[in-house]
Amino acid sequence: MSSLITEDEISHETELVWLEDIAPLDYVRQSLDRLASRGGKPAYHRDGRMIGYARLSPRAKASRSSGTFRRRVFWLLPHDRDAEPEGLYTKGAPAEAVDPRTLDARIRGYKTQRSEGGPPSIAMRELGITLPF
5 MSSLITEDEI SHETELVWLE DIAPLDYVRQ SLDRLASRGG KPAYHRDGRM IGYARLSPRA
65 KASRSSGTFR RRVFWLLPHD RDAEPEGLYT KGAPAEAVDP RTLDARIRGY KTQRSEGGPP
125 SIAMRELGIT LPF
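Following the numbering used here, the numbering of the sequence shown begins with 5 at its first residue and continues without gaps.
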């Protein structure tokens, strides 16, 4: 995982909520978004789709200047590997991408060989999707 997100920034997370099955995904993008609440599904304003989000404990404090909370949001763009296995990210992954199996509340997650385009996941093999090496 890149150092874009620190342990301190996610120290008030209580759980991650997945909106779809992460088993077939080699990676998800993660970002810290400024949101109006500690929990609940946030609005999504990017291309692509939201895969999940973090919920915060009641002890999480809002920003003094904006009144918002910094929460992680997990997402994919239309040109990511799950939608275009032979596309831009056939090998490698975006800077903000992590293997979703390495994520949990208060755990930043990291890139794995599979998320970087290494050996295909079991789901990819079952679907007959192969990556060039």
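No residue lacks a Cβ here, since even glycine has one placed at the ideal position from N, Cα and C. Note that this is a predicted model, so its numbers are computed, not measured.
Simplified DSSP assignment, three categories, for residue i
i    : result
I14  : helix
E19  : strand
E120 : coil
E24  : coil
L29  : coil
Exposure label - residue i; buried when at least 16 CB within 10 Å
i    : result
E34  : Per the sequence shown, residue 34 should be read as Gln rather than Glu. Per the 10 Å Cβ criterion, buried.
A47  : exposed
F137 : With a pLDDT of 36 at F137, under the threshold of 50, the modelled position of this residue cannot be trusted, and the question is left open.
K95  : exposed
L29  : buried
R110 : exposed
Proximity test, residue i beta-carbon vs the ligand ATP heavy atom, cut-off 6 Å
i   : result
K45 : In the structure on display, the ligand ATP does not appear, and there are no ligands present to speak of.
Straight-line Cα distance separating residue j from residue i
i    : j    : result
V21  : A58  : 6 Å
G52  : L92  : 15 Å
P89  : K115 : 18 Å
S7   : E130 : The pLDDT assigned to S7 is 45, lower than 50, so where the model puts this residue is not dependable; a value taken from the coordinates is nonetheless given after this. Taking the straight line joining both Cα atoms gives about 33 Å.
I106 : G122 : Checking the sequence, you will find Thr at residue 106 rather than Ile. Cα to Cα, T106 sits roughly 16 Å from G122.
V102 : S69  : 30 Å
A87  : Q117 : 19 Å
T10  : R42  : 18 Å
P2   : R85  : In the structure displayed, the chain extends from 5 to 137; residue 2 sits before or after that span and is not available.
Nearest-angstrom Cβ-Cβ length linking residue i and residue j, presumed shorter than 8 Å
i   : j   : result
F73 : G56 : Rounded, the Cβ-Cβ distance is 16 Å, inconsistent with contact.
Y31 : A97 : 5 Å
R75 : D37 : 6 Å
M54 : L81 : Wrong, their Cβ atoms sit about 11 Å apart, outside the cutoff.
Could you give the uninterrupted runs of the beta strand (DSSP E) lying entirely in the region 32–110, keeping only those of 3 residues or more?
Segments of the beta strand (DSSP E) lying fully in the region 32–110: 32–39, 53–60 and 73–80.
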